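Colleague: Can you read through this structure? Questions will come right after.
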Amino acid sequence: MARVGVFICHCGANIAGKVDVEAVSEAAINIPGVVYSSHQKYSCSEAGQKVIIDAIKENRLDRVVIGSCSPKMHENTFRKTVQQAGLNSYMLEIANLREHVSWVTADKDEATKKAMDLVKAAVGKVSFAKPLTPGQVPVEKRALVIGGGIAGIQAALDIADMGYEVVMVEREPSIGGRMAQLDKTFPTLDCSACILSPRMVDVAQHPNIRLLTYSEVENVNGYVGNFNVIIRKKARFVDERICTGCLECMGKCPLKKKIPNEFENGRAPRGAIYVPFAQAVPKVPVIDKEYCRYLLSPDPDKVEVKEGEKKPKRKCGVCAKVCTQGAVDFNQQDELISEKFGAIVLATGFNLFDHSKYGEYGAGKIPDVITALDFERIVNSSGPTEGKIVRPSNGEKPKRVVFIQCVGSRDEAKGVPYCSRICCMYTAKQAILVREKLPDAEIYVFYMDIRAAGKGYEEFVLRAQREYGANYVRGRVSRIYESNGHMVLKAADTLVGMPVEMDDVDLVVLATGSIAREDSVELANTIGITTDNHGFISEVHPKLRPVEVPREGVFACGACLSPRDIPDAVATAGAVAAKVGVLFSNDILMSDPMVAEIDPLKCAACGACVSVCPYSAITMEEFRGKKFAKVNEAMCQGCGTCSAACRPGAAQLKGQTDEQILRSIEAVLQW
Amino acid sequence: MDKLELQLRAKAIELLEEGEVSIIIGWGPGWNSTKATPVFARDGETAEKLIFNPFCFNNLSVYLPRISEKTAIIAKPCDAGSIVALLAEGKISRDNLYIIGVACQGIVDPVKLEAAVGSIDDATAACLEGDNIVVEIDGEAKQVSFAEVALDRCMSCNQQNNVFSDVMVGEPVQPVVGEARSVVPEDAGAAWWRGFWSKEFDRCIRCYACREACPACYCRDNCAVQALRERWTGPRLDAQEALMFHAQRAMHVAGRCIECGACERACPVGIPLTLLHEQVGKAVKKLFNFNVGEKVDERPPLETFRKEELESGH
Amino acid sequence: MPAYAYFPGCSLEASAKEFDTSFRAVFDKIGVGLKEIPDWSCCGSSQVHKVDKDVATAIAGRNLVLASDIGDIVAPCAFCSISLKEAIIKLEHEGPIRSTLIEAGLEYLPGSVSVISAVEATYRAVEEGLIDGKVQSPLTGLKVAAYYGCLLVRPPKIAQFDDPENPSSMERIMVAVGAAPVDWSHKTECCGNAYIFVNKDMTLNLVRDVLNAAIEANADAVVTACPLCQQNLAMRQPHMKQNYGLKREIPVLYFTQLMGAAMNIDGQQLGLSGNIVRLINKRQQEAKEVG
Amino acid sequence: MGASVQLRSIDMDLKKEIERLSGQKLDACYLCGKCSAGCPVAPYQDIPPHVVMRMAQWGSKKVLGSKMIWNCASCGTCYTRCPNNIDVARVCGALSQISRREGLVADKVAATLREKFVESVKNNGRVHELSLVVAMKMASRDYLGDLDIGIPMFLKGKFPLFGHKIKDLNNFQKLFDSKKKGDK
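Top to bottom, those sequences are chains U, S, Y and V.
Following this note's numbering, the numbering of the first sequence begins with 1 at its first residue and continues without gaps.
Following this note's numbering, the numbering of the second sequence begins with 1 at its first residue and continues without gaps.
Following this note's numbering, the numbering of the third sequence begins with 1 at its first residue and continues without gaps.
Following this note's numbering, the numbering of the fourth sequence begins with 1 at its first residue and continues without gaps.
Right, here's the structure in full:
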């Protein structure tokens, strides 16, 4: 017969304020199997833990129930406590009397009764607990960083500096990310490229970092310390080992001014063979197979030639002809690289809201209504206008410039209820840049609230207003339309409580908000983690575990978690590096023993568990002609799905067996 | 002799002789002519016993998961559905299987037949003549229209000539036209069902014939109720525990049951189990838009995992 | 022949007669049947809605029930179509209002009927090619400003048709009859609806802005699909020219009137004035000379 | 509007009544002003829509005396563009109902229009435009204005002297009388 001890925690007044802890403790002693029961003010305190340890020893308890807060908070604490008393740490069950009872139940008597039921259930469950032992897995001390923006760069450099090997995967031809597209950065106004490009070069030159650009992660298998990742290295058609970066080829491409350059947000052209921008790392061009004439023309070897006809020749191929190194290789194919990693870092960044969803602002069709990212390129001296602020419609200097904030932020109707956090600041910065370049221009900023919480941020916004003469108008713009070569804008000044109208507007800059990458959910699925409603990666705990995600060994930093500015992206990247360092400081990891196991004698070999397992942790085995399913304990995450799907009850989650669950229910039902 | 049966036997013998398969599963004459019985033929002599008529109500696919040699099976449309379901689960291998489909115009419901003509255990002869079933009992030939005594399920079947098979035997047929007899009132709510099943399950003697006859119940010795857990699915003759057993079985075959009715026909105390499985089947159809027995490459919906299920989005 | 349940609405019986007659004539020509809903009543319009939204839903519901035997409803007036559309959405969830209807001998079955406006019905007909071959004298050279006003495409959750900020269906229809739609800024600005009686100054200001925008875009005429828009825009133009800075007078027509003209439907049925007919002829002539 | 609003006197009953009649959640509004910005009639009113919303959030009775709540044209511009999916026209409608009940109508002419319109619908099943126009002319005391428009329309048969009465008027009027069952 089990000897169960019950300990009811007051949690100060958190539990005791609503639950009659004494009554619960007294009732517990009458539950079959319980030989000891008491209550304490704070079970998690050192004194409280001592009471538990002493009681276990004195009363020869072999199982423990603690009625306290959520196991999420203190399960680990109490596991160690019972272990100190000489018990296996899994001979413990926590009845959640705080989150499940006192915090959510209004009536005192009801709360006390519910607490008693939960304790009964816990006793029922723990009575059938079995000692469990954690397994051991070795750690592959290499990190994969997905995304080569400022967050990924920082994380990669920090991890590499600790002496661990890093592979960085970036899907664009160059690293640099969003920050590379920016002109100046707030609130210091230093040049974005000037502070970023040294870091990019560091990545390229670091002996511990291997850079895979123009590459994407295709599949992730395995578990913490032992991930198997398949990376698709897309065909670049230029051999990175040979190319010297002279870029002679780019100038000769007949399409050199024909294709919108994504890096310039489509506001400047590129060729079919190109590097996205001057400081690109690596400075090796790619050939865009969607456009390249050579690659699009039919392969003569594959064309059927009728008698008497000439074999067709492939078109163009100029780049290959001008390359002195012979680096252009039209026969290159996508390459699948399979690598092993101990940790994965997500730094996939963000996208900008598509303002064509705002019909009232011209749906992207009015040429002089541009986005903030367009503005960054226009104002940048290496951008399409060499830094001259001009109206896209006619190339003239604008006299009246209007900024509109919260376009695709704080707009529930457009599916983006959240604040993008960066727009207030970059709008102030852009207003300042307008004033610097166009001393006579009128500048207006339509805003709802100014959110400038950050070091030097509020001062920066005030400078935009006071020193640079940006007129801030509190109110949202309702509509923009063209009239006589200019724009008319209908707005409201809510501080005076009046509608206002503005004629002869020359340039409108929309502060488009941050959204998740369009394929973030897909990526999350590939990696086996989750996103929030908006596609941002979910962290384990927003306050206490802000860079960990619910799959062990996977971390995230930067704007793929939520909208954030450069300082925050860099800070989280550093945090991730520290977390990876902690992980890699172990040679061996202890795995959670609460994993599934399958009784081969009960298994009917239906395969349901194999097909429902989210982590591909179950395989079909055969022994002497009999098939049965088997769990790979290192890959199992203990979700219990197999156990639910298993008809004969062969699959059981250790520590949460059918027997334990049924005993809990029976205890509550008082069978 | 029926042309269809001749073809059937010829095909079976051919398959055996050519070594295509080592065993043929089909129906043969039972201990009385209203009761066809399964036949397992390994030689031509046994294969000569094969028959097919409206009394062949067993779903023979129930034997497939237990046989690992090369097998040919004679399948009517509903049995073929079971075979598809078993293939979809990977429980049997297509490579080891040769399916002889038979065109089927309907099967006699023994309960209806008995109600119409009296104790069919005493029948001395029975056959389908035109649109009527003729049964001879105590020397008296009793005649009843086929539509009157056919299985409800056959009235709504539209697969009679379209059987998932390697070869089809028999001429195309017309389905039997009649009306299904539902005992369920249109407005049946939870209370009605509770009353109905407590009455029905009170008769259950826990013989497990339903389970044995069911092609989806291949767990056999590993069946969950083998645990006979006290107070849950205990071994007592108790309507509640019987309900628990049958409800559990219904859940276990949900998304895999083709509602062939083999369980109901096997039940010695006449519990209308098909009704239970139909109810569950409707829910599966509605929730997952899944038709059991339609595709060989789609696992049952309750046995699949999609990555979206990892809480992404919502 | 496909057939709609036709809901003319109060205005089309009176002040907007030519919308009624021209719409019927055009649909007759393209072979789409219109069966008037027997004993139809007020749509529940925004005025009733503001007094009691449930009563408005109930009286709109009456029309839905009466139409359900005929088919999907086409309601030319923008107010009517939006009221009826909203009622469909409301009645889905409003059991008590459905009970009220039952008390009045009307049982509404959710999903039994749907509602579209005249523009939607015409747009569908154009897309289905029903007007192909019916346009005998295309309105070549005629520049039209398609005016949607408010409730034809708004609010999008209820209207569920076209783009609320930059609609283009009427332009598509105009192209189909050979006219040249102009791009202009005020196609969805409000005309002030019935407030001409309440705040005349306000309404005339709004109307002036709309018309001047069409004039600036060089339109020959404005086409509408709403009785209130047409009347507000068409009437009082001389007065506005004198006192409100209206740049010039400009014809304002129902889109169906122009369609009818392109299909050679008798001018009497369309209610077209001689001036318009002459304008159309002039543009056609000019186009011929240029082309 | 004189004296300051005592915030502790938020009238929750009024606020709830507005929410019930309008079906809109007032607290969803964060007062960005987009409704006022696009509202075609706002420039001609005493207060713009977002101020109506703010006062409604307070449950301030002052809003009942506003002209804006009577002059909303129900054009749907605000609702179409509102970031929080609020139909401000419905809020104005609810406020005008309460305003009429409390005798605080600021725009008598607009109130008459509504009253006559609904009366016409209730008595005939449809609106008789001519009687509505005449009633409005009387209410606004603009007896002769627009005669230049009205007379030709009348002559063209666009203003039939007598309205159409629907046949099933009896049942139709029941739709006005029976109240929503959940109301009491």
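A virtual CB, placed ideally from N, CA and C, is assigned to each residue, including glycine.
The structure displayed is predicted, hence computed values, not measured ones.
(1) My guess is that residue 346(U) and residue 566(U) are in contact by the Cβ rule of under 8 Å, so how many angstroms apart are they, rounded?
(2) Taking C-alpha atoms, which residue in 51(S), 292(S), 58(S) lies nearest to residue 212(S)?
(3) Output, in chain order, the set of chain S residues within a Cβ distance shorter than 8 Å of residue 602(U).
(4) In this structure, does DSSP put residue 187(S) in helix, strand or coil?
(5) Are the segment 109-126 of chain U and the segment 150-164 of chain U touching by the rule of at least three beta carbon pairs closer than 8 Å?
(6) Look at the Cβ atom of residue 206(V), then the Cβ atom of residue 15(Y), and state whether they are nearer than 8 Å.
(7) I need the straight-line Cα distance from residue 90(V) to residue 46(Y), nearest angstrom please.
(8) Can you pull the chain S neighbours of residue 611(U), defined as C-beta to C-beta under 8 Å?
(9) Cutting at 8 Å between CB atoms, please list the residues of its own chain near residue 253(U), excluding the five before and the five after it.
(10) Quick one: grab the DSSP three-state call for residue 350(U).
(11) Within its chain, find whatever has a CB closer than 7 Å to the CB of residue 524(U); leave out the 5 residues flanking it on each side and keep chain order.
(12) Spatial neighbours of residue 137(S) within its chain, please: C-beta separation below 8 Å, excluding the five flanking residues on both sides.
(13) Extract the residue ranges of the beta strand (DSSP E) inside the segment 478-550 of chain U, only unbroken runs of 3 or more that lie entirely within it.
(14) If the cut is a Cβ gap below 9 Å, which residues of chain V does residue 244(Y) touch?
(15) Flag this pair as yes or no: are the beta carbons of residue 509(U) and residue 480(U) separated by less than 8 Å?
(16) Are there 16 or more other CB atoms within 10 angstroms of the CB of residue 541(U), so buried, or fewer, so exposed?
(17) In its own chain, which residues sit with a C-beta less than 7 Å from the C-beta of residue 92(S), not counting the 5 before and 5 after it?
(18) Between the segment 638-663 of chain U and chain C, which residues of the former have a C-beta closer than 8 Å to a C-beta of the latter?
(19) Please tell me whether residue 297(Y) and residue 194(Y) are closer than 8 Å, where the distance is taken between their beta carbons.
(20) With 8 Å set as the bound, which would you pick, yes or no: does the beta-carbon of residue 55(Y) sit closer than that to a beta-carbon of chain V?
(21) Taking the alpha carbon of residue 491(U) as the point to measure from, which residue in 34(V), 98(V), 166(V) has its own alpha carbon closest?
(22) Under 8 Å between the Cβ atoms of residue 104(V) and residue 65(V)?
(23) Mind checking if residue 166(Y) is an interface residue toward chain U, Cβ cutoff 8 Å exclusive?
(24) Whole angstroms are fine: how far does the CA of residue 152(Y) sit from the CA of residue 39(Y)?
(25) If you drop the 5 nearest sequence neighbours on each side, which residues of the same chain put their C-beta closer than 8 Å to that of residue 184(V)?
(26) With DSSP as the reference, identify every bridge partner of residue 153(S), one or two as the case may be.
(27) Can you name the start and end residues of the alpha helix (DSSP H) that residue 124(Y) belongs to?
(28) Just to confirm the assignment, what range does the beta strand (DSSP E) spanning residue 39(U) have?
(29) Where does residue 143(S) fall in DSSP's three states?
(30) Can you give me the Cβ contacts of residue 179(Y) inside the same chain, cut-off strictly under 7 Å, excluding the 5 residues immediately before and after it?
(31) Taking C-alpha atoms, which residue in 289(S), 300(S), 262(S), 200(S) lies nearest to residue 269(S)?
(32) Of the choices 218(U), 623(U), 94(U), whose alpha-carbon is the least far from that of residue 144(U)?
(33) In angstroms with no decimal places, state the Cα-to-Cα distance between residue 132(U) and residue 601(U).
(34) Per DSSP, which one or two residues make a beta bridge with residue 210(U)?
(35) What first and last residue would you give for the beta strand (DSSP E) that runs through residue 584(U)?
(36) Buried or exposed: where does residue 310(U) fall if 16 or more other Cβ atoms within 10 Å of its Cβ makes it buried?
Modeller: Answer, in terms of the structure:
(1) As a position in the first sequence, residue 346(U) is number 346, starting the count at 1. As a position in the first sequence, residue 566(U) is number 566, starting the count at 1. Actually they do not touch by this definition, with Cβ atoms about 18 Å apart.
(2) The residue labelled residue 212(S) in the question sits at position 212 within the second sequence. Measuring from the Cα of residue 212(S), the nearest candidate turns out to be 58(S).
(3) Position 602 of the first sequence, counted from the start, is the residue given in the question as residue 602(U). What residue 602(U) touches in chain S: 222.
(4) Position 187 of the second sequence, counted from the first residue, corresponds to residue 187(S). In the structure shown, residue 187(S) sits in coil (DSSP, three-state: anything other than H, G, I, E or B).
(5) no
(6) The displayed coordinates of chain V run from 1 to 184. Any statement about residue 206(V) would go beyond what the structure contains.
(7) Translated into the one-based positions of the fourth sequence, residue 90(V) becomes position 90. Translated into the one-based positions of the third sequence, residue 46(Y) becomes position 46. Computed Cα separation, rounded: 10 Å.
(8) Within the first sequence, residue 611(U) is the residue found at index 611, counting from 1. What residue 611(U) touches in chain S: 299, 303, 304, 305.
(9) In the first sequence, the residue the question calls residue 253(U) occupies position 253. So the qualifying residues of the chain are 271, 272, 273, 274, 318, 319.
(10) Position 350 of the first sequence holds residue 350(U). The answer is strand: DSSP assigns residue 350(U) an E or B state.
(11) Residue 524(U) sits at position 524 when you count from the first residue of the first sequence. 530, 531, 537.
(12) As a first step, residue 137(S) is located in the second sequence; it is residue number 137 there, counting from the start. Excluding positions up to five away in sequence, the list reads 117, 118, 119, 120, 122, 123, 124.
(13) 479-483, 486-493, 498-505, 507-512, 514-516
(14) For the purposes of this step, residue 244(Y) is identified with residue 244 of the third sequence, where counting begins at 1. The premise fails here: residue 244(Y) is roughly 14 Å from chain V at the closest Cβ pair, so nothing lies under 9 Å.
(15) Walking along the first sequence from the start, residue 509(U) turns up at place 509. Walking along the first sequence from the start, residue 480(U) turns up at place 480. Cβ distance not < 8 Å, so residue 509(U) and residue 480(U) don't count as in contact.
(16) In the first sequence, the residue the question calls residue 541(U) occupies position 541. Exposed.
(17) The sequence position of residue 92(S) within the second sequence is 92, counting from 1. So the qualifying residues of the chain are 64, 65, 86.
(18) Although the question refers to chain C, the structure presented lacks it and instead comprises the protein chains U, S, Y and V.
(19) Here chain Y covers residues 1 to 291 and nothing more, so residue 297(Y) does not appear.
(20) Translated into the one-based positions of the third sequence, residue 55(Y) becomes position 55. True, the Cβ-Cβ gap to chain V drops below 8 Å.
(21) As a working mapping, residue 491(U) is identified with position 491 in the first sequence. Comparing Cα-Cα distances from residue 491(U) to each of 34(V), 98(V), 166(V), the minimum goes to 34(V).
(22) Here residue 104(V) refers to the residue found at position 104 when the fourth sequence is read from its first residue. Here residue 65(V) refers to the residue found at position 65 when the fourth sequence is read from its first residue. Their beta carbons are under 8 Å apart, which means residue 104(V) touches residue 65(V) by this criterion.
(23) Locating residue 166(Y) in the third sequence gives position 166, where the first residue counts as 1. Chain U contact via Cβ: present.
(24) As a working note, residue 39(Y) is residue 39 in the third sequence. As a working note, residue 152(Y) is residue 152 in the third sequence. Using only the alpha carbons, I get a separation of about 25 Å.
(25) On the fourth sequence, residue 184(V) is found 184 positions in, with the first residue counted as 1. Only weak support is given to the placement of residue 184(V): the predicted model assigns it a pLDDT of 35, under 50, and the question is left unresolved by the model.
(26) Along the second sequence, read from residue 1 onward, the residue named residue 153(S) stands at position 153. Answer by DSSP bridge pairing: none, since residue 153(S) is not bridged.
(27) Locating residue 124(Y) in the third sequence gives position 124, where the first residue counts as 1. Its alpha helix (DSSP H) spans residues 118-127.
(28) Taking the first residue of the first sequence as 1, we reach residue 39(U) at position 39. Run containing residue 39(U): 34-40, per the beta strand (DSSP E) assignment.
(29) Locating residue 143(S) in the second sequence gives position 143, where the first residue counts as 1. Residue state, collapsed to three classes: strand.
(30) As a first step, residue 179(Y) must be located in the third sequence, where it is residue number 179. Same-chain partners within the cutoff: 139, 142, 144, 258.
(31) The residue given as residue 269(S) occupies position 269 in the second sequence. The shortest C-alpha separation from residue 269(S) is found at 200(S).
(32) By one-based count along the first sequence, residue 144(U) stands at place 144. Comparing Cα positions, the closest option is 218(U).
(33) For this step, residue 132(U) is matched to residue 132 along the first sequence. For this step, residue 601(U) is matched to residue 601 along the first sequence. Each residue's Cα considered, the two are about 21 Å apart.
(34) Stepping through the first sequence from its first residue, residue 210(U) is reached at position 210. Partner(s): 167(U).
(35) The count along the first sequence starts at 1 and reaches residue 584(U) at position 584. Premise fails: residue 584(U) lies in the alpha helix (DSSP H), 566-584, not in any beta strand (DSSP E).
(36) To locate residue 310(U), count along the first sequence from 1; it is residue 310. By the neighbour-count rule (16 or more Cβ atoms within 10 Å), residue 310(U) is not buried but exposed.
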